[in-house]
Amino acid sequence: MKRLIYIICCLIIIPTILAACSKDFMVTEIDEINLIRVMGIDYGEEEYTVSALFTTLEGEEEITKGKGKSPYAAYEDLRLKAKKAISIGHTGYFLIGEAAASRGIDICLDFLSRDETVKMDGLFYITKNSKAADFMEEAIENEQKINEGMEVLRQKQETMLTRNDNTLVNLINEIRQTYQSVLIPYVIAEEKSFLMSGYAVFDDLKLRDYLDEETSAGVNFFKNIIRNYPIFLEDNVGLLITFSETDINSNWESDKIKINIKIDYETMIKEVNTVDNIFDIEYIESLNKKQDDYVLNLIMQAVNYSKATGLDILQIARYIENQNIREWENIKETWDTAISEIQYEFEFNSRISKSYLLGSNLQTKYPRISRLVHTI
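Heads up: the sequence shown begins at 13 in my numbering, then just goes up one per residue.
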């Protein structure tokens with residue numbers, strides 16, 4: 013009996029002691045490590061600069077830099093210069109300066125992809141017309157909290173889109189597809205906030221151009237990642253897309269590529285400043301057509317850009333490679349010129365799903381309207 017009591021006591025006491033020791037050990041470890049919250053990578057004067065944003069115990073943000081012939085060499089220099097041991101295990105945001113992006117996004121990603129502690133869902137952004145270090149330093153001068161600002165940017169992105177394609181793991185996968193452009197959101201600094209206005213376009217993994225907000229929205233319809241998107245029509249009519257789904261199929265007809273895009277979406281009326289009766293079915297049908305034209309205009313901006321530049325910002329190569337394997341083998345070597353010959357067919361299946369009036373119990377659902385639009 014005494015032996016049983018002794019064993020039970022050991023089973024209770026020993027784990028408690030070990031847990032306490034482990035906890036103290038982990039606290040000590042964390043106190044001795046500087047966690048990089050935001051990392052910037054730049055290139056200039058024939059060397060790379062890695063900038064690390066740390067948060068002090070007082071809640072202030074400070075930047076430490078390292079330099080070297082490669083991003084990894086710059087990171088090792090940063091480790092030597094830092095006041096404490098550093099870790100990228102909690103780095104949520106990576107800013108790539110314009111010059112570094114022009115040298116090659118693969119160079120910036122390589123050493124990060126080989127680090128076993130890095131967060132694979134860390135988000136990447138390009139600092140348009142700026143070095144990443146300058147972007148962060150100017151934000152601190154303007155008394156902005158960079159980490160909080162980037163967190164707000166992430167939240168806005170997740171409000172508008174169904175997924176974030178600018179994660180480390182996704183970008184690693186995209187750079188392996190050599191026939192399509194890599195797209196990474198770019199950021200610009202306002203006085204008190206950061207704005208994500210569109211995509212930076214990479215050709216052969218090097219920064220080539222920037223897309224404006226509307227063209228980038230057209231790309232997002234192709235990528236099937238629209239969660240919410242505002243539509244502004246004449247007469248101050250405002251709608252909000254609340255559901256969107258895009259289905260893309262490629263076909264080979266008479267030695268030409270034909271892409272069929274079916275877009276199914278719903279909107280809510282958010283603002284109407286007109287004398288028309290918004291509950292009239294004919295008025296709703298006219299709004300339906302106008303919103304389809306609005307969405308088509310966004311998409312055509314992306315299509316026209318792709319045709320004019322020969323850059324596959326719509327990632328059409330992936331669909332053809334998967335759906336038309338034999339034909340793809342015949343055109344992949346001349347893909348940059350074949351892009352301009354692609355024919356597109358659009359089909360919209362849309363509905364203004366609900367309308368509300370304050371002070372009224374009236375809630376209306378309108379019929380879904382399908383339209384086929386041929387565009388070459």
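C-beta atoms are modelled at their ideal positions from N, C-alpha and C, and glycine is treated no differently.
Classify residue 132 as helix, strand or coil using the three-state DSSP reduction.
Residue 132: coil per DSSP, three-state reduction.
State whether the stretch 101-110 contacts the stretch 137-146, with contact taken as three or more CB pairs (one from each stretch) at a distance under 8 angstroms.
Yes, since at least three Cβ pairs between the stretch 101-110 and the stretch 137-146 fall closer than 8 angstroms, the two stretches touch.
With DSSP as the reference, label residue 187 as helix, strand or coil.
Coil.
Okay, do the stretch 349-364 and the stretch 261-274 touch, 3+ Cβ pairs below 8 angstroms being the bar?
Touching, yes, given that three or more Cβ pairs across the two stretches are closer than 8 angstroms.
Does the Cβ of residue 363 have 16 or more other Cβ atoms within 10 Å, making it buried, or fewer, making it exposed?
Residue 363 comes out buried.
By the three-class DSSP mapping on this structure, what secondary structure does residue 39 have?
Residue placement at residue 39 is flagged as unreliable, the pLDDT there being 45, under the threshold of 50; the coordinate-derived value follows with that caveat. Three-state result, residue 39: helix.
Please classify residue 229 as buried or exposed, where buried requires at least 16 neighbouring CB atoms within 10 angstroms.
Result: buried.
Does residue 284 come out as helix, strand or coil in the three-state DSSP assignment?
Looking at residue 284 - three-state DSSP - the assignment turns out to be coil, as it is neither helix nor strand.
Here's a check: name, in chain order, each residue in its chain whose Cβ is nearer than 6 angstroms to the Cβ of residue 39, leaving out the five neighbours to either side.
Any reading at residue 39 is ruled out, since the residue's pLDDT is 45, under 50, leaving its predicted position unreliable.
Which two residues bound the contiguous beta strand (DSSP E) that contains residue 61?
From DSSP, the beta strand (DSSP E) with residue 61 extends over 59-67.
Grab me the residues of residue 311's own chain with a C-beta within less than 6 angstroms of its C-beta, minus the 5 sequence neighbours each way, in chain order.
So the list reads 230, 233, once near-sequence residues are dropped.
In whole angstroms, what is the alpha-carbon distance linking residue 281 and residue 275?
Each residue's Cα considered, the two are about 19 angstroms apart.
Per the contact definition of three or more C-beta pairs closer than 8 angstroms, is the stretch 181-201 in contact with the stretch 140-150?
Result yes; three or more Cβ-Cβ pairs closer than 8 angstroms.
Quick one: give me the first and last residue of the alpha helix (DSSP H) that residue 232 is part of.
Here the alpha helix (DSSP H) through residue 232 covers 225-235.
Which residue wins for smallest C-alpha separation from residue 194, given the options 60, 118, 279, 261?
Ranking the options by Cα distance to residue 194, first place goes to 118.
Take the Cβ of residue 178 as the centre, count every other Cβ of all protein chains shown within 10 Å, and call the residue buried at 16 or more, exposed below.
That one is buried.
I'd like to know whether the C-beta atoms of residue 6 and residue 209 end up nearer to each other than 7 angstroms.
Past the boundaries of the shown model lies residue 6; the chain is included only from 13 to 388, so the question cannot be answered.
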